[in-house]
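Chains H, L and W, in that order, are what the protein sequence lines are. Mapping the first sequence onto my numbering, position 19 (from 1) lands on 19, and the numbers just tick up by one. So my numbering is basically just the index in the second sequence, starting at one, shifted up by 1000. So my numbering is basically just the index in the third sequence, starting at one, shifted up by 2000. Glycine included, every Cβ here is placed at the ideal spot set by N, Cα and C.
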Amino acid sequence: MSDITTSQVPVKQDGTLAHIGYVLRSNPVTLLAFTMFAILLLAAVLGPVIVPYDPMESNAAIALQPPSMAHWFGTDNLGRDVFSRVILATRLDLAISVAAVALSFLIGSVLGSVAGYWGGWLDTVLNRLFDTIMAFPLFVLAMGIVAALGNTVENIVYATAVINIPFYARLVRAEVNIRRDAGFAQAAKLAGNSDIRVLALHIFPNALPPMMVQVSLNLGWAILNAAGLSFIGLGVRPPTAEWGIMVAEGANFIVSGEWWLAFFPGFALMFAVFTFNLLGDGLRDMVDPRQRS
Amino acid sequence: MSSMGRAFSPFPFKKGTDMTNETSRRGFLKGAGATVLGAAALPFLKVLPASAAGKDVIVTVIGQTINSLDLHRTGTNRPSYQVAVNAYDRLVSFGTKTMPDGSLSYDYSVIEPEVAESWEFTDNDMAIVFKLRPEGKFQDGSPITAQDVKWSFDRAVSVGGFPTVQMKAGSLENPEQFEVVDDLTFKINLLRKSKLTLPDLAVPVPMIINSKVALEHATEADPWAMEYLHKTPAGSGAFKVAAWKPGEQLVYERNDNWTSGPVPAVKRVVIREVPSPATRRALLERGDIDMSFDMPNKDAKELSGAEDMTIVTTPVENAIYCLCPNLAFEPFKDKRVRQAIAFAVPYEEVFQTAAYGRGSPMWGGTSATPEDIAWPQKFPYSTDLDKAKALLVEAGYGDGFEVPLSIDLSQSDWMEPAALLIQENLAKIGITATIEKIPGANWRTASLVEKRLPLALETFGGWLNYPCYYFFWAYQEGHLFNSSNYRNEEIETLTPEALHMSVEDPDYAPKIKRMIEIAWDEVPRIALWQPALNVGTRDLSGYEYWFHRQPDVRSLSKA
Amino acid sequence: MAGRLRTIGLRITHAIPVILGVVVVSFLLTRALPGDPAVYFAGHAADEASIEEVRTALGLDKPLPEQFLVYAGNVLTGDLGQSLSTGQPVIEDLAHRLPASLELTLTALLLSCTIAIPLGVLAATRPGSAVDHLCRVLVTAGVSLPTFFTGVLLIYIFYYLLGIAPSPLGRLDFIYIEPDRITGFYLIDAAIAGDWETWTGALKQLVLPAITLTLFTLAPLARMTRAAMLSALSSDYIRTARAAGLTEDKVLFTYAFRNALLPVVTTLGMVFSFTLGANVLVEKVFAWPGIGSYAVEALVVSDYAAVQGFVLAMALLFVVLNLVIDLSYTLIDPRIGFETR
């Protein structure tokens, strides 16, 4: 009898922490995702301390050496240590994606709330604007923005943010729209709260759970997006270490046998995106128990 | 969604006519059937693999797109110049010489007949009279006349843009200079005596167009038939263009009745565009193609030992890859700062890492004055950080300064490693350089037209192989490739004097030596190395290097 | 029926401001691109006078609003201008390259569906099992790989090392002749012509780039199928069907799957437009002569007309696609009206 209750009891009653624990226990993949995320964070925070070599220092004498005990991931065409560069790039890549996603989260939330709460012509105009952005092939729009503004880290962040804004704004708009006339919102308004206060403190928080899922998935997209930009030459400036640019440059060396140049940063890239994607799935399970059967 | 494809389907290209007698088109192509087919009967895209084609077809890969079949058109890019070479003729051409390594190269010291069978200087050397070959025929069978030559030259000097500039380099500036004496006699009246005029007639620009065909398609708005010739060559060259799909390929079909030289050995040459250098390398290594044109240095270095491949590396004449400090910016106004940078560059590492040792070193010269007028030759600088540091201190920049080091995104294959190594050494003498990648579209504007990059890499090479020609473009103030904003009074007077002067003139060598000496001392351009053109071939003979650095397929044959 | 026609008309009018917006934004974006096309296209030894000539010839010496009016007027008449980098009218370039991109994208999506939908159904029937987790990890791994990296890796393994894939040289190897153009899709055209050799040749070229894109598109389709199947399986009518003693196969495929199809179709539409964008990188790797690689080249050299034409074509495609999806909803399920969306 007790066996049945532990697995069948509606999760909400157990409290949030217990629910998280439940999800992690019942879903080994999500547990794995959290572990991987911890590794990423560790590499990002401790990166500069733990790398064995100066990732910027070239040494033409040892250029293009295959992986060895001295250089775990080999060396690149300038004799730089690939392992050090891969580890050090973690911080930059995470920073780019977090900054881009935070920016689109903020702007998207504000625009979406405004559109959803007040509606009317503002809603129409904003909706058309989002439609227009989404009608572009998003990667090409990002390319255009970076090409127009110049290829710096900030501009990559802006471009990635711009193409993601509509997703957040749409989500928030829908959630706000449903709830603006809900009983609790009316009650809060009758209690003398201003529109903005009601919107910010009572209605908007309801949109947070689905948005967190979107955030996590988007972090992965943002990394891929930055890597794609690097591949066509619109990435960060050399000699900065960044996964995308390392894969893009390394790709030219694969046919001549120097596979390690592209493989290891490519693997790191995949590891990070994989982590965020799994994390997004896991988060969805946590915030939206209805999705589970 | 397939309806989308149909909605857009008006087929823009002419399609051939021989789709009737095909049992198996593949087998039909392989067999003897292909050899008896005229070009007119070719279907749009008839191509063959290197392996299946036998000796008649050569498959070549290039990295860029051919965007026009007419060199004179605005916007025609460099890879398209090869059409002017292979599908058109000029009055004259250059000779051929054998290089020390046994490879072939054009010979700029020998001018040979092409459409013209002979020429002589008249009117006290102020005119050249050309006698055209009486048997000369265009690809459509009509005779080549002096009227065609005049129309073509008039076009080149009138349309503006690159062709007009290049004609001007040979003192060919306005249509009044070109005179039709009779059908087979053409006269050029010279504005000045210049050693550059005759060689300039052998560059791809003054190609001879079938004016009868062109005029049929000319309109009032388009008197030079730009639209027609853009897609349809009308020349007398050794090859006809059988198919052209920008972004994919161009197919040459032999002109069996070529009158300006020996008919080529191969019937068909396929120029396939493959943007990825890694793919081009794989294709060559696996034997799927006969020739890879303009290979990256790294591939050339690694494949040059291979048994079944031949890699020909030819130093590009009259070209230097340079680091250019811009004199419009404060620290670089001081000669000592420029010299300090010239002593700071890690030349050997740059040469090995960025060029993989392909090309010729341009550093480590021993004397501050040149012994001969060879150009380019080794600059008297080599890596010496102490000297560099001392020069900086002397100039009052002992604490260093900050400067952006700009590179071209589309050339980042060599510019990026070179810039990184230079950046590292500059840091050692206190100069903080940040690397800026500039997209291809912006590069020319920023570096050459506006000349606003404080420190940048530069690649100028002159088509006409004379030192004075290089100085004219790269060291005279205001000229396009002088991206350093350099001005020196002596250079300003010496260069125009030497430019048109005969090389045999006793005054020539002293002038050039003085110019080189100044260029070395003042270093507005810090020479890194002389670049090389790498071409990989399999079982192919007759490849010849040309100054225009495009494949001249006329001489090729299969072993 | 009249009501439906009216809603369709309404839906189309909704698309008009979007298209206008795209025209304006693409114009502004190209003008914001760095570099001066006049300089770039005047050639490698052009002086200032000839650059000015080119600028005038391109109409770039006029003020921006005037340039925009000229551009908008031309677009209305179907004239997208001339691409400077290929030297062809943009409309011809697009007409030629769009089928290449579509053929690749559709093949990839077809492949993706045949793998992802059964995977999703399988995962949904055994939620929480090892199969479910494995499916999730696999498809997520696929979507986590940058497409250009997958592409290069596949070329290296299957062409360079193993030699079983044909050379990555676009849509057809040297051996074959392009089939007579009817649809622009080589597979279809070759089939119509009955030329099975060329058909096989075209298919061979398609395999690697299609797999690259497929790996990238598995995840959204598989995940959506799983979710839709789960919610369908937990619904009342399935319980009723099971209670009525119908076989599990019948319940699964006739009732649950059919009802799960709608969200999957929606996702498919999104994935399709997304994949067309992602093509940019794959086409570059495989020398695929599609519109993606065209756009990249054009963007790098500030080829205004080509970039604008590409963006416009993609936007139109997107708008049409959404329209088709919306309309197909009403056909599948008449309860859905546009007002609720």
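Of the listed residues W:Leu2153, W:Asn2259 and W:Trp2199, nearest to Val255 of chain H (C-alpha basis): Ranked by Cα distance from Val255 of chain H, the options W:Leu2153, W:Asn2259 and W:Trp2199 are led by W:Leu2153.
Proximity test, Cβ basis, 7 Å: Asp2036 of chain W and chain L: Chain L, which has a Cβ nearer than 7 Å to the Cβ of Asp2036 of chain W, makes this yes.
Leaving out five residues before and five after Lys1335 of chain L in sequence, what residues of the same chain have Cβ atoms less than 6 Å from its Cβ? These residues qualify, in order along the chain: Glu1522.
In chain H, which residues lie less than 9 Å from Ala1278 of chain L when you measure between Cβ atoms? Per Cβ cutoff of 9 Å: Ala251, Asn252, Phe253, Ile254, Val255 and Ser256.
Quick one: Cα of Gly2009 of chain W to Cα of Leu171 of chain H, how far? Rounded to the nearest angstrom, the two C-alpha atoms are 27 Å apart.
Between Pro239 of chain H and chain L, is there a C-beta pair that is closer than 7 Å? Yes, contact with chain L.
Is there a Cβ from chain B that is less than 7 Å from the Cβ of Ala60 of chain H? This model lacks chain B altogether, as its protein chains are H, L and W.
Thinking C-beta only, is Leu1391 of chain L closer than 7 Å to Pro1433 of chain L? The question names Pro, yet the displayed sequence has Ala at residue 1433 of chain L. The answer is no: Cβ separation not under 7 Å.
With distance defined between alpha-carbon atoms, name the residue in L:Leu1556, L:Glu1349 and L:Val1059 nearest to Tyr1545 of chain L. Ranking the options by Cα distance to Tyr1545 of chain L, first place goes to L:Leu1556.
Three or more C-beta pairs below 8 Å linking the region 1143-1157 of chain L and the region 1184-1197 of chain L: Counting Cβ pairs under 8 Å, three or more are found: they touch.
From the DSSP output, in three-state form, read off Ile2325 of chain W for me. DSSP, read as helix, strand or coil, puts Ile2325 of chain W in helix.
Go ahead and label Phe1362 of chain L buried or exposed: buried means 16 or more other beta carbons lie within 10 angstroms of its beta carbon, across all protein chains shown. The amino acid occupying residue 1362 of chain L in the given sequence is Met; Phe does not appear at that position. Buried.
Can you list, in chain order, the residues of its chain with a C-beta nearer than 7 Å to that of Ala43 of chain H? Leave out the 5 residues immediately preceding and following it. For Ala43 of chain H, where only same-chain residues beyond five positions count, the Cβ hits under 7 Å are Ile87 and Thr90.
Could you give the first and the last residue of the continuous alpha helix (DSSP H) run that contains Glu2092 of chain W? Residues Val2090 to Thr2125.
Would you mind stating whether Tyr1252 of chain L and Asn1086 of chain L have Cβ atoms separated by less than 7 Å? Judged by their CB atoms, Tyr1252 of chain L and Asn1086 of chain L are nearer to each other than the 7 Å cut-off.
With DSSP as the reference, label Arg1549 of chain L as helix, strand or coil. Coil at Arg1549 of chain L, not helix or strand.
Contacts around Ala2015 of chain W, its chain only, beta-carbon distance under 7 Å, and the 5 residues preceding and following it disregarded: Leaving aside the five residues that flank Ala2015 of chain W on each side, the residues in its chain whose CB is nearer than 7 Å to its CB run, in chain order, Val2319 and Leu2323.
Assuming the contact rule is C-beta atoms closer than 8 Å, Leu964 of chain L and Ile1526 of chain L should be a hit. Round their C-beta distance to whole Å, please. Examination of residue 964 of chain L is not possible in this model, given that chain L is present from 1001 through 1559 alone.
Proximal residues of chain L, C-beta to C-beta of Lys2284 of chain W below 7 Å: Within 7 Å Cβ-Cβ: Pro1275.
At which residues does the beta strand (DSSP E) containing Ala1395 of chain L begin and terminate? Per DSSP, Ala1395 of chain L belongs to no beta strand (DSSP E) and is neither H nor E.
Under 7 Å Cβ to Cβ from Lys1333 of chain L, same chain only, skipping five residues before and after it: list those, please. Leu1327.
Within the same chain, show all residues whose beta-carbon is closer than 8 Å to that of Leu278 of chain H, passing over the 5 residues directly before and after it, in chain order. Contacts found: Val29, Thr30, Leu32, Ala33 and Met36.
Output the distance between the C-alpha atoms of Phe130 of chain H and Ser104 of chain H, rounded to the nearest integer angstrom. Going from the Cα of Phe130 of chain H to the Cα of Ser104 of chain H covers about 13 Å.
Would Gln186 of chain H be called buried (16 or more neighbouring beta carbons within 10 Å of its own) or exposed? Label assigned to Gln186 of chain H: exposed.
Could you give the DSSP three-state label for Met212 of chain H: helix, strand or coil? It is helical.
Could you tell me how far apart the beta carbons of Ala2210 of chain W and Leu2299 of chain W are, in whole angstroms, since I believe they sit closer than 8 Å? About 25 Å separates the two Cβ atoms, so there is no contact after all.
Using a Cβ-Cβ distance under 7 Å, would Leu1556 of chain L count as near chain H? Put simply, the CB of Leu1556 of chain L is far from chain H, with every gap to its CB atoms at 7 Å or more.
Nearest to Pro1467 of chain L (by Cα), restricted to the options L:Lys1267, L:Ile1516, L:Phe1121 and L:Lys1558: Cα-wise, what sits closest to Pro1467 of chain L is L:Ile1516.
Inter-residue CB distance, Arg1272 of chain L and Val1061 of chain L (contact presumed, cutoff 8 Å): Indeed they touch by this definition, with Cβ atoms about 5 Å apart.
Just to confirm the assignment, what range does the beta strand (DSSP E) spanning Asn1534 of chain L have? Secondary structure note for Asn1534 of chain L: its beta strand (DSSP E) is the uninterrupted segment Ala1532 to Thr1537.
By the criterion of Cβ-Cβ separation under 8 Å, what are the contact partners of Ser2234 of chain W in chain L? Ordered by position in chain L, no residue passes the 8 Å Cβ test against Ser2234 of chain W, which lies about 34 Å from the chain.
Whose C-alpha, out of L:Glu1492, L:Tyr1088, L:Gly1365 and L:Tyr1381, is nearest the C-alpha of Val1241 of chain L? Comparing Cα positions, the closest option is L:Tyr1088.
Would DSSP call Trp1258 of chain L helix, strand or coil? Trp1258 of chain L: coil per DSSP, three-state reduction.
Closest Cβ-Cβ distance between Arg1444 of chain L and chain W: below 7 Å? So yes, Arg1444 of chain L belongs to the interface.
Contact with chain W by Pro1246 of chain L, beta-carbon distance below 7 Å: Answer yes: the Cβ-Cβ gap between Pro1246 of chain L and chain W drops below 7 Å somewhere.
I'd like to know whether the C-beta of Leu279 of chain H is nearer than 7 Å to at least one C-beta of chain W. Contact of Leu279 of chain H with chain W is not assigned, every C-beta pair being separated by 7 Å or more.
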